[in-house]
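Protein chains in written order, with my numbering: chain A, 1 to 227; chain B, 228 to 454; chain C, 455 to 681; chain D, 682 to 908. For every residue, glycine included, the Cβ atom is placed at its ideal position computed from N, Cα and C. Quick notes on the structure that follows.
There are 4 protein chains.
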Amino acid sequence: MDKTRLEAFSDGVFAVAITLLALNLTVAGPGHESLVRQVVDRWPSFLAFVVSFFAIGIAWVNHHSLFKSIATTDRTLLFLNLTLLLFIVAIPFGTATMATYLQGGGADAPLAAALYAALLEGMALSFAAIFVWSIGDGKRRYRPLPARGVGRALVRFSIGTLAYLVAIALAFVNAVGALAFITAVAIYYVVEHNPSTSAEGPTRTDQGGRSADSPLITADHADFVFQ
Amino acid sequence: MDKTRLEAFSDGVFAVAITLLALNLTVAGPGHESLVRQVVDRWPSFLAFVVSFFAIGIAWVNHHSLFKSIATTDRTLLFLNLTLLLFIVAIPFGTATMATYLQGGGADAPLAAALYAALLEGMALSFAAIFVWSIGDGKRRYRPLPARGVGRALVRFSIGTLAYLVAIALAFVNAVGALAFITAVAIYYVVEHNPSTSAEGPTRTDQGGRSADSPLITADHADFVFQ
Amino acid sequence: MDKTRLEAFSDGVFAVAITLLALNLTVAGPGHESLVRQVVDRWPSFLAFVVSFFAIGIAWVNHHSLFKSIATTDRTLLFLNLTLLLFIVAIPFGTATMATYLQGGGADAPLAAALYAALLEGMALSFAAIFVWSIGDGKRRYRPLPARGVGRALVRFSIGTLAYLVAIALAFVNAVGALAFITAVAIYYVVEHNPSTSAEGPTRTDQGGRSADSPLITADHADFVFQ
Amino acid sequence: MDKTRLEAFSDGVFAVAITLLALNLTVAGPGHESLVRQVVDRWPSFLAFVVSFFAIGIAWVNHHSLFKSIATTDRTLLFLNLTLLLFIVAIPFGTATMATYLQGGGADAPLAAALYAALLEGMALSFAAIFVWSIGDGKRRYRPLPARGVGRALVRFSIGTLAYLVAIALAFVNAVGALAFITAVAIYYVVEHNPSTSAEGPTRTDQGGRSADSPLITADHADFVFQ
Numbered sequence: 001m002d003k004t005r006l007e008a009f010s011d012g013v014f015a016v017a018i019t020l021l022a023l024n025l026t027v028a029g030p031g032h033e034s035l036v037r038q039v040v041d042r043w044p045s046f047l048a049f050v051v052s053f054f055a056i057g058i059a060w061v062n063h064h065s066l067f068k069s070i071a072t073t074d075r076t077l078l079f080l081n082l083t084l085l086l087f088i089v090a091i092p093f094g095t096a097t098m099a100t101y102l103q104g105g106g107a108d109a110p111l112a113a114a115l116y117a118a119l120l121e122g123m124a125l126s127f128a129a130i131f132v133w134s135i136g137d138g139k140r141r142y143r144p145l146p147a148r149g150v151g152r153a154l155v156r157f158s159i160g161t162l163a164y165l166v167a168i169a170l171a172f173v174n175a176v177g178a179l180a181f182i183t184a185v186a187i188y189y190v191v192e193h194n195p196s197t198s199a200e201g202p203t204r205t206d207q208g209g210r211s212a213d214s215p216l217i218t219a220d221h222a223d224f225v226f227q
Numbered sequence: 228m229d230k231t232r233l234e235a236f237s238d239g240v241f242a243v244a245i246t247l248l249a250l251n252l253t254v255a256g257p258g259h260e261s262l263v264r265q266v267v268d269r270w271p272s273f274l275a276f277v278v279s280f281f282a283i284g285i286a287w288v289n290h291h292s293l294f295k296s297i298a299t300t301d302r303t304l305l306f307l308n309l310t311l312l313l314f315i316v317a318i319p320f321g322t323a324t325m326a327t328y329l330q331g332g333g334a335d336a337p338l339a340a341a342l343y344a345a346l347l348e349g350m351a352l353s354f355a356a357i358f359v360w361s362i363g364d365g366k367r368r369y370r371p372l373p374a375r376g377v378g379r380a381l382v383r384f385s386i387g388t389l390a391y392l393v394a395i396a397l398a399f400v401n402a403v404g405a406l407a408f409i410t411a412v413a414i415y416y417v418v419e420h421n422p423s424t425s426a427e428g429p430t431r432t433d434q435g436g437r438s439a440d441s442p443l444i445t446a447d448h449a450d451f452v453f454q
Numbered sequence: 455m456d457k458t459r460l461e462a463f464s465d466g467v468f469a470v471a472i473t474l475l476a477l478n479l480t481v482a483g484p485g486h487e488s489l490v491r492q493v494v495d496r497w498p499s500f501l502a503f504v505v506s507f508f509a510i511g512i513a514w515v516n517h518h519s520l521f522k523s524i525a526t527t528d529r530t531l532l533f534l535n536l537t538l539l540l541f542i543v544a545i546p547f548g549t550a551t552m553a554t555y556l557q558g559g560g561a562d563a564p565l566a567a568a569l570y571a572a573l574l575e576g577m578a579l580s581f582a583a584i585f586v587w588s589i590g591d592g593k594r595r596y597r598p599l600p601a602r603g604v605g606r607a608l609v610r611f612s613i614g615t616l617a618y619l620v621a622i623a624l625a626f627v628n629a630v631g632a633l634a635f636i637t638a639v640a641i642y643y644v645v646e647h648n649p650s651t652s653a654e655g656p657t658r659t660d661q662g663g664r665s666a667d668s669p670l671i672t673a674d675h676a677d678f679v680f681q
Numbered sequence: 682m683d684k685t686r687l688e689a690f691s692d693g694v695f696a697v698a699i700t701l702l703a704l705n706l707t708v709a710g711p712g713h714e715s716l717v718r719q720v721v722d723r724w725p726s727f728l729a730f731v732v733s734f735f736a737i738g739i740a741w742v743n744h745h746s747l748f749k750s751i752a753t754t755d756r757t758l759l760f761l762n763l764t765l766l767l768f769i770v771a772i773p774f775g776t777a778t779m780a781t782y783l784q785g786g787g788a789d790a791p792l793a794a795a796l797y798a799a800l801l802e803g804m805a806l807s808f809a810a811i812f813v814w815s816i817g818d819g820k821r822r823y824r825p826l827p828a829r830g831v832g833r834a835l836v837r838f839s840i841g842t843l844a845y846l847v848a849i850a851l852a853f854v855n856a857v858g859a860l861a862f863i864t865a866v867a868i869y870y871v872v873e874h875n876p877s878t879s880a881e882g883p884t885r886t887d888q889g890g891r892s893a894d895s896p897l898i899t900a901d902h903a904d905f906v907f908q
């Protein structure tokens, strides 16, 4: 089954990218400043690691939710998915660059933070493109999304996409402020209490069974958890 | 089936993190001290590699056991699992930092060892949180755990969590002692002869079949192998 | 089922290799040239990252398509597949080497670009070898390819293989020109509008079902998407 | 099914380790010796990359074959498997160390080559231990191996284990000779024409079916392909 291998490959890329984030965590070792001082001085690396870890983790949840409702694959989807993964794979680079410039200071910190936000914006746009693909033609989803659901999804995708545009603009005003804003966005998505989710509660699945309707989070609303 | 993809993603993260541990193994090459001397001097790197390798390996076994009994997924579980993986992914950093300071000596070796133990403590607490989640509500496990089983599990999770607290405290007395203690804890979990496990012996599984009751190690007791 | 584990292992290698490409993306940090200048100067690294990302991504799609029609495995296939993966795994090295020399200039840029093209040529030849293996003996595919299909496939594999030979030759005339040519080849494969694909459109697959005939892209033509 | 997740985790580790081998491939870039000279000088890195790539690849095939016949899992198997993976994960380190010392020359090249061979010996012994575990108790394999098969398997495991002992000894006589010997062993395993394999030829498997008897290579003999 094709979608399965597409998901397996994507899961692999998410898992490697999220783990490579930790390669940015380093200290200089003995003979330099005290370890406490080093860790304190490098707070941007540690904060950016945690924020990017949850950003990629949430993106993985999103990917899962979005593809669960998709019934077909074609070349367009494959390359939209590759584009999404391109941004995911670049996030450790963006994280390291932003952390280096926030720590070192200087005139380029705003640009480095904007670059980081731009990668997240690219990710958000890729998710939106996959969603738009999925509602085209009417046969790409297991269950067609009703018009109201499409509208709500598009509003939410637009809000997510807008949030990172705000972060890019904010970076040029205050680089640390942009990181704080992105942190807040990530926390929002983690703690967000989607009413329709809590209403239904977790779905019980039989261990050996399969259920197109057993969402990780509530179906139909699942697509727009993050953006 | 959702849990399957959650497990596949987690397996990927465990596999990448356990393999990245080996990036900390390096020697300076010819033109420096003799190879024997370099390897001897860097004993903390090699010992810490082996200890962390088995720590992550045991954590993977634990993860497997814990999730085998879980019947449902929800947002809370997803983010508890992400938090667990955050600590797993940070272990190579903690391992490298501790090894560098144990080798180089100096005043910060205790702090570096405590940092390493703190990452393991974070992992242990994350496992405990997932276990507590799993017994909530009564529908999250395939088979509800009897009250006696819950009590025993909580005692064992507490012991595991306590062990790493002891390691953190010990680190400030003697950094090498803390590593020795953590090594002993890992050996204990590897060789531990769980009576109920040996009584039942390995479970035979049909190749093509599925069996919710064919544990890697004995069911119900499986959850608290490590912590 | 053997083929499944062969595919899973290959997917893992593709996923790690495509993610490691991003390790070549680095900037020197504050205290050096401006960030804009650094990114502009390092354009070969960023362009080569994107080109190699899609080259490996397309190779993964190809791998998927080629193996979908394969019904048996033997030692020969295993080692042809390992040879293919050897070239995939070496692509991040080839990408980094080419980018370094294109950026730094000097007499060796042509050779570095030729090395990169040679790795892609090795990949293309490995795919062709697996295809030739698959049509041998008549029992290795689920559905034997008709003579006309074999002929067309061989023509297309030859064209793909030839393209990278051209790139190798071109590298010695103009290194940047070779990268531009390889970029064009990648774009061609991404946007290529295979008539038979569009005619059938995406295939709907049941979520729980299995269908040997539900290609990612159109069956029978799937094998020679890339080469 | 437990064995499935054990195999998936192991596949992930194999895939990451085989891909990380390529991190040892580097050239110094423009401004140093010519690229041709650098590649020629670093022949040990390139040869060792290819040898280790096929060594890990063959180990993956072996792992597949060995686990295919295993019907049960227990703690002992889990930790034997972790020990095997410990050696697999350390191979990129051993490869880099040997290549550095073979290239740089000096008194420690023999020791570096012996270290590399010792990691392969550890891998071979781990495979042998898993095989011995599998024939214990009589219920751990799907089909018990007849006494003659056990004897032949043990002879072959002993030969494999012996080969790397010879390589360790040879390293102290001639480091390059040891690498040549290990290369020859790898080539032998790749091209080895197992009579029982060729007699049966590849096994046709139904795409959706499962067959405990459809070996990657011939069953029963599969376990001792490599060691």
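Where residue i falls: helix, strand or coil (DSSP)
i	result
Thr253/B	coil
Arg379/B	helix
Arg141/A	strand
Glu260/B	coil
Ile135/A	helix
Pro373/B	coil
Arg723/D	coil
Pro202/A	Bear in mind that the predicted position of Pro202/A carries a pLDDT of just 39, short of 50, making it unreliable; the figure below should be weighed with that in mind. Coil.
Glu7/A	helix
Sub-8 Å separation of residue i and residue j beta-carbons
i	j	result
Ala341/B	Ala398/B	yes
Leu35/A	Leu338/B	yes
Asp335/B	Tyr343/B	no
Leu633/C	Leu479/C	no
Ile357/B	Ala244/B	no
Ile849/D	Ala799/D	yes
Ala249/B	Phe281/B	no
Thr551/C	Val708/D	yes
Met804/D	Phe760/D	no
Tyr869/D	Ile739/D	no
Thr19/A	Ser52/A	no
Gly558/C	Pro711/D	yes
Thr764/D	Ser807/D	yes
Arg5/A	Glu575/C	no
Proximity to residue i [Cα-Cα], best of the options
i	options	result
Asp456/C	Tyr797/D, Lys749/D, Gly803/D and Val708/D	Lys749/D
Ser45/A	Ser10/A, Phe93/A and Trp133/A	Phe93/A
Ala752/D	Ala709/D, Pro825/D and Asn743/D	Pro825/D
Ala413/B	Glu234/B, Gly387/B and Ala249/B	Gly387/B
Ala582/C	Gly483/C, Thr458/C, Gly558/C and Arg610/C	Arg610/C
Leu531/C	Ala469/C, Leu616/C, Trp587/C and Val630/C	Trp587/C
Leu872/D	Arg529/C, Gly576/C, Val620/C and Arg491/C	The residue asked about is misnamed: residue 872/D is Val in this sequence, not Leu. Nearest option by C-alpha distance: Arg529/C.
Ala390/B	Trp270/B, Ala242/B, Asn401/B and Phe408/B	Phe408/B
Ile362/B	Thr410/B, Thr310/B, Val377/B and Gln265/B	Val377/B
Q. Which runs of the alpha helix (DSSP H), 4 residues or longer, sit entirely within the region 277-354 of chain B?
A. 302-331
Q. Would you call the region 457-466 of chain C and the region 507-522 of chain C touching, i.e. three or more CB-CB distances under 8 Å?
A. yes
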